[in-house]
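According to the working numbering, the sequence shown holds residues 12 to 314 in order.
Below: the structure, in structure tokens.
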Amino acid sequence: MNAPLPVWIDTDPTVFPGGHEVDDGIAIALAFRSPELDVIGVSSIFGNGSIDRCHASAEALVDAFAPFGMAVHRGARRASDFGASLAAQALVAAIRTTPPPGLTILALGPLTNIAAALAVAPELAAKIRQVIWVAGRLPDQEFRASTRQEKPFPDLNFETDVVAARAVLASGVRLSLTSWAVCSQVQFGTAHLARLAAADTALRSLHQPVSDWLDLWRRDFDLDYFMPFDTLAVAHACGIGNVAGFDGVAWIEQDPVTKLIASSNSIGEPTLSDGRPIWFATAVDQQFIDTLIERITATYPCK
């Protein structure tokens with residue numbers, strides 16, 4: 012068996028009853044309960060809420076799922092905040108000390124902390140194995156959960172800090188995008204919620220926030236499920252779910268809204284000289300949701 016992959020989680024959770032955006036919490040549970048991964052650090056970032064709210068949620072999740080005593084490094088509180096935050100400093104140290112082929116960063120929020128780390132030490136871009144980011148779209152793609160949804164979802168992790176995204180793209184870091192194209196294929200519904208209620212204490216703490224989020228999707232989109240977006244970044248890092256995609260390019264354009272566009276570099280799209288090399292996920296095994304639930308609800312010792 013191969014040695015576990017060293018990963019860092021950079022996250023913006025708001026996993027409280029009524030807090031919504033619970034996919035960060037499910038992704039964190041999956042990461043810590045996947046033997047393919049060695050989570051060596053966690054940092055918080057603003058995004059789904061203020062940095063105070065996201066940091067408190069991240070601390071609660073790490074306390075529930077991580078080895079005893081793991082810290083959460085507090086990150087940026089606003090866009091383009093590239094100062095030497097605790098998160099940026101910790102990331103720099105982790106990148107420097109992770110042996111080749113380097114650290115994998117699971118970017119579950121805006122890229123502000125990662126851009127800040129690279130601003131401090133730009134030479135470290137070559138030492139990062141990859142950044143797996145939940146962002147990006149195909150040309151002309153909109154994010155709609157159902158026909159009832161009048162206004163499409165934003166590409167929130169990208170749009171929250173476009174300057175940081177531009178900086179990370181320019182750095183040459185290997186970037187893998189697990190965005191709407193693949194995340195929208197996974198459905199977390201009522202039966203999966205029931206499994207949380209019957210699991211260990213840590214997972215039961217997710218039950219009410221997940222239930223509230225599912226109720227919102229029923230009410231607003233007339234769907235009996237939601238899409239656990241951030242879990243696809245973890246799946247790609249683990250090598251589970253048969254996540255498939257293409258090597259291509261990504262670029263930032265404004266037409267009229269600023270968008271991060273990915274393409275397989277077909278005729279008529281920007282060439283490699285105009286965009287940046289990326290990998291873009293397009294498909295996942297339909298059994299992935301079962302694998303996800305089995306992993307996070309397996310029997311774990313109490314902390």
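Just so it is clear, CB atoms sit at the ideal spot from N, CA and C, and this is done for glycine as well.
> What number of angstroms, rounded off, separates the C-alpha of valine 131 from the C-alpha of serine 96?
Replying inline: Taking the sequence shown and counting its residues from 1, the one referred to as residue 131 is at position 120. Taking the sequence shown and counting its residues from 1, the one referred to as residue 96 is at position 85. Cα-Cα distance, rounded: 10 Å.
>> Measuring straight from C-alpha to C-alpha, what distance separates isoleucine 307 and asparagine 253?
In response: Taking the sequence shown and counting its residues from 1, one reaches residue 307 at position 296. Taking the sequence shown and counting its residues from 1, one reaches residue 253 at position 242. Rounded to whole angstroms, isoleucine 307 to asparagine 253 spans 18 Å at the Cα level.
> Would isoleucine 20 pass as a contact of leucine 119 if the rule is Cβ separation under 8 Å?
Replying inline: Locating residue 20 in the sequence shown gives position 9, counting from the first residue. Locating residue 119 in the sequence shown gives position 108, counting from the first residue. For isoleucine 20 and leucine 119, yes; Cβs fall inside 8 Å.
> glutamine 265 lies in the alpha helix (DSSP H); which residues open and close that run?
Replying inline: For the purposes of this step, residue 265 is taken as the residue at position 254 of the sequence shown. Not the alpha helix (DSSP H): glutamine 265 falls in the beta strand (DSSP E), residues 255-265.
> Is glycine 86 helix, strand or coil by DSSP?
Replying inline: Residue 86 sits at position 75 when you count from the first residue of the sequence shown. Note: glycine 86 maps to coil in three-state DSSP.
>> If you follow the alpha helix (DSSP H) that proline 220 is in, where does it begin and where does it stop?
In response: Counting from 1 along the sequence shown, the entry for residue 220 is found at position 209. Under the DSSP assignment, proline 220 falls in the alpha helix (DSSP H) whose first and last residues are 212-232.
> Any chance the CB of serine 216 is under 7 Å from a heavy atom of the ligand GDP?
Replying inline: Among the ligands in the structure shown, none appear at all, so the ligand GDP cannot be discussed.
>> Please tell me whether alanine 175 and alanine 90 are closer than 8 Å, where the distance is taken between their beta carbons.
In response: Within the sequence shown, numbered from 1, the residue matching residue 175 stands at position 164. Within the sequence shown, numbered from 1, the residue matching residue 90 stands at position 79. The answer is yes: Cβ separation under 8 Å.
> Mapping DSSP to helix, strand and coil, what is proline 133?
Replying inline: On the sequence shown, position 122 is the one that residue 133 refers to. Helix at proline 133.
>> Contact between the stretch 257-268 and the stretch 51-66 is defined here as three or more beta-carbon pairs at a separation below 8 Å; is this criterion met?
In response: Judged by Cβ distances under 8 Å, the stretch 257-268 makes no contact with the stretch 51-66, as fewer than three pairs qualify.
>> Taking the straight line between their C-alpha atoms, what separation do you get for isoleucine 143 and threonine 189?
In response: Numbered from 1 along the sequence shown, position 132 holds the residue referred to as residue 143. Numbered from 1 along the sequence shown, position 178 holds the residue referred to as residue 189. Rounded to whole angstroms, isoleucine 143 to threonine 189 spans 7 Å at the Cα level.
> If we ignore side chains and look at the alpha-carbon of each, how far apart do phenylalanine 164 and serine 195 end up?
Replying inline: Here residue 164 refers to the residue found at position 153 of the sequence shown. Here residue 195 refers to the residue found at position 184 of the sequence shown. Serine 195 has its alpha-carbon roughly 12 Å from the corresponding atom of phenylalanine 164.
>> Just to check my reading of the structure: phenylalanine 76 and isoleucine 106 have Cβ atoms closer than 8 Å, yes? What is that Cβ distance to the nearest angstrom?
In response: Residue numbering aside, residue 76 sits at position 65 when the sequence shown is read from its first letter. Residue numbering aside, residue 106 sits at position 95 when the sequence shown is read from its first letter. Phenylalanine 76 to isoleucine 106, Cβ: 23 Å. No contact.
>> Measuring only the C-alpha atoms, how far is glycine 183 from arginine 287?
In response: Residue 183 sits at position 172 when you count from the first residue of the sequence shown. Residue 287 sits at position 276 when you count from the first residue of the sequence shown. In a straight line, the C-alpha of glycine 183 is about 8 Å away from that of arginine 287.
> On the three-state DSSP scale, how would you describe phenylalanine 43?
Replying inline: As a first step, residue 43 must be located in the sequence shown, where it is residue number 32. Phenylalanine 43 carries a helical assignment under DSSP once its states are collapsed to helix, strand and coil.
>> Assuming the contact rule is C-beta atoms closer than 8 Å, alanine 294 and leucine 243 should be a hit. Round their C-beta distance to whole Å, please.
In response: Position 283 of the sequence shown holds residue 294. Position 232 of the sequence shown holds residue 243. The Cβ separation is near 11 Å, so there is no contact.
>> Tell me the rounded alpha-carbon separation between glycine 80 and serine 68.
In response: Looking up residue 80 in the sequence shown gives position 69. Looking up residue 68 in the sequence shown gives position 57. Answer to the nearest angstrom: the Cα atoms are 16 Å apart.
>> So valine 73 and alanine 248 are supposed to be a Cβ contact under 8 Å. How far apart are they, rounded?
In response: To locate residue 73, count along the sequence shown from 1; it is residue 62. To locate residue 248, count along the sequence shown from 1; it is residue 237. Not a contact, Cβ separation roughly 17 Å.
> According to the neighbour-count rule (16 or more other Cβ atoms, all chains shown, within 10 Å of its Cβ), is lysine 162 buried or exposed?
Replying inline: Position 151 of the sequence shown, counted from the start, is the residue given in the question as residue 162. The residue in question, lysine 162, is exposed, as its Cβ has fewer than 16 Cβ neighbours within 10 Å.
>> Short of 7 Å in beta carbon distance, which residues of its chain neighbour isoleucine 278, apart from the five on each side in sequence? Order them along the chain.
In response: For the purposes of this step, residue 278 is taken as residue 267 along the sequence shown, with counting starting at 1. Residue placement at isoleucine 278 cannot be trusted, given a pLDDT of 49 that sits under 50; the coordinates are not used to answer.
> Of the choices Thr22, Asn13 and Asp34, whose alpha-carbon is the least far from that of leucine 214?
Replying inline: Translated into the one-based positions of the sequence shown, residue 214 becomes position 203. Among Thr22, Asn13 and Asp34, the Cα nearest to that of leucine 214 is on Asp34.
>> Quick test of the definition: if touching needs 3 or more C-beta pairs under 8 Å, does the stretch 229-237 touch the stretch 151-159?
In response: In short, these stretches touch, since the Cβ pair count reaches three.
> Going by DSSP, which residues form a beta bridge with proline 150?
Replying inline: Position 139 of the sequence shown holds residue 150. Its beta-bridge partners do not exist; DSSP assigns none.
>> Between which residues of its own chain and alanine 101 is the CB-CB distance below 8 Å, once the five residues before and five after are set aside?
In response: Reading the sequence shown from its first residue, position 90 is the one you call residue 101. Here the set comprises Gly52, Ser54 and His84.
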